Amino acid sequence: MIFLGMIVFYCIFANIFMTRVELVEQIKIKKSMLCVGLDTDIQKLPDGIERNMTGMLKFNQEIIQATHQYAVCYKINTAFYEQYGAKGWECMEETLKYIPKECLTIADAKRGDIGNTSNMYAKAFFETLQFDAITVAPYMGEDSIKPFFEFKGKWVICLGLTSNLGSKDFQNLQVNNKKLYEQVLETVSNWGNVNNLMFVTGATKASDLKHIRTIIPNHFLLVPGVGAQGGSVADVCNNAVIKDGGLIINASRSILYASAGTNFAMKAAEEAMVLQNEMSKYL
Numbered sequence: 001m002i003f004l005g006m007i008v009f010y011c012i013f014a015n016i017f018m019t020r021v022e023l024v025e026q027i028k029i030k031k032s033m034l035c036v037g038l039d040t041d042i043q044k045l046p047d048g049i050e051r052n053m054t055g056m057l058k059f060n061q062e063i064i065q066a067t068h069q070y071a072v073c074y075k076i077n078t079a080f081y082e083q084y085g086a087k088g089w090e091c092m093e094e095t096l097k098y099i100p101k102e103c104l105t106i107a108d109a110k111r112g113d114i115g116n117t118s119n120m121y122a123k124a125f126f127e128t129l130q131f132d133a134i135t136v137a138p139y140m141g142e143d144s145i146k147p148f149f150e151f152k153g154k155w156v157i158c159l160g161l162t163s164n165l166g167s168k169d170f171q172n173l174q175v176n177n178k179k180l181y182e183q184v185l186e187t188v189s190n191w192g193n194v195n196n197l198m199f200v201t202g203a204t205k206a207s208d209l210k211h212i213r214t215i216i217p218n219h220f221l222l223v224p225g226v227g228a229q230g231g232s233v234a235d236v237c238n239n240a241v242i243k244d245g246g247l248i249i250n251a252s253r254s255i256l257y258a259s260a261g262t263n264f265a266m267k268a269a270e271e272a273m274v275l276q277n278e279m280s281k282y283l
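Spelled out as structure tokens, the structure:
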């Protein structure tokens, strides 16, 4: 426990930028592309954990401590914290501080607005909270996303092809003889580069990942939907893995709620290890 505490202490206070080189290094060291989604729901906290902000933070810390040896990334869905106002933001900030700096940290906030507003969003998540990456929505165009690229050493993760049922409403519409999501991938890929831009592509659409790789062959993909949503590591990797991995594969509920009992951390670690072992076959 002392050794583990030293690791956590070092990782919290070390000032490390998460460049692509460093991310790939962690993927190789851990033989993993696993992202643990901290979409923590107070109503689902396990036995022995108080259902309040204190309990939420304690739960997050135990999940991180149990899984960080298998994960290269943690993704915090900000809505699960923002709903509680200032106390929720404080919990999110303390959770972020606890994540080892060897791991990429993502604010799953799906921000995007014109000019100065996006700049304020970027400052909030890149300077005040010091996330490594943020998810953004491209609907408003280049000037709504460009401010995020101006922060050195940070990642922009743009929505591409998502896995929700409503994605068909717009993302697959034909525009200039292309599907809208294809146009988004092509256009946005020119706003950043492979060292500061990723795309969200849902795991439940694994059959589309091979085609997506023909459009953006070298960008990292953040792939949610593995685990409770039914996505398969094998399908994702067989269709989208590249030489340096090129994937951040997210699992949230299957890890967070692997057990509703006091052994939740141990069961979370076991689930993370299963996913990591499967990913290691493709690295």
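By this note's numbering, the letter at position 13 of the sequence shown is numbered 13, and the numbering carries on one by one without gaps. Every residue, glycine too, gets a C-beta built ideally from N, C-alpha and C. This one's a predicted model, so the numbers in the text were calculated from it and none came from an experiment.
Where does A251 fall in DSSP's three states? strand
Can you look up M120 in the DSSP assignment and give me helix, strand or coil? helix
Apart from the five residues just before and just after M140, which ones in its own chain have a Cβ nearer than 7 angstroms to its Cβ? G112, D113 and I114
Residues in the same chain with beta-carbon distance under 6 angstroms from Y121, minus the five sequence neighbours each way, listed in chain order, please. R111
Three-state secondary structure (DSSP) of V72: coil
Do you know how far the Cα of C35 is from the Cα of N77? 12 angstroms
In this structure, does DSSP put T135 in helix, strand or coil? strand
Measure the C-alpha to C-alpha separation of G166 and C91 and round it to an integer number of angstroms. 31 angstroms
Rounded to whole angstroms, what's the CA-CA distance from A109 to T262? Just pull it up for me. 30 angstroms
When you compare only the Cα positions, how much space is there between I249 and I212? 16 angstroms
What residue does the alpha helix (DSSP H) around A109 start on, and which one ends it? Not the alpha helix (DSSP H): A109 falls in the beta strand (DSSP E), residues L104 to R111.
Excluding sequence positions up to five away, which residues of its chain have a Cβ less than 7 angstroms from the Cβ of I216? L185, S189 and F199
Restricting to Cα atoms, I'd like to know which of C103, K97, A272 and L104 is closest to T128. K97
Could you compute how far the alpha carbon of I134 sits from the alpha carbon of D47? 32 angstroms
Of the choices A240, N277 and Y81, whose alpha-carbon is the least far from that of M53? Y81
Candidates L221, M279 and A258, of which the one nearest E270 by Cα: A258
What runs of the beta strand (DSSP E), each 3 residues or longer, lie entirely inside the stretch 177-220? 197-201
Mind checking which residues open and close the alpha helix (DSSP H) that includes G166? Per DSSP, G166 belongs to no alpha helix (DSSP H) and is neither H nor E.
Would you call the CB atoms of F126 and G192 closer than 7 angstroms? no
Classify G202: buried if its beta carbon has 16 or more other beta carbons within 10 angstroms, exposed otherwise. buried
Spatial distance of Y282 from A86 (CA atoms): 42 angstroms
Sorted by chain position, which residues of the same chain lie with C-beta nearer than 6 angstroms to N195's C-beta, five sequence neighbours on each side aside? R20
Are L161 and D235 touching if we call contact CB-CB under 7 angstroms? no
Please classify I242 as buried or exposed, where buried requires at least 16 other C-beta atoms within 10 Å of its C-beta. exposed
For E142, is the classification buried or exposed, using 16 other Cβ atoms within 10 angstroms of its Cβ as the cut-off for buried? exposed
Alpha carbon to alpha carbon, what distance is there between Y70 and A268? 11 angstroms
Proximal residues to V226 (C-beta, below 8 angstroms), its chain only, five neighbours per side dropped: A203, S232, V233, V236, I249, N250, A251, S254 and L275
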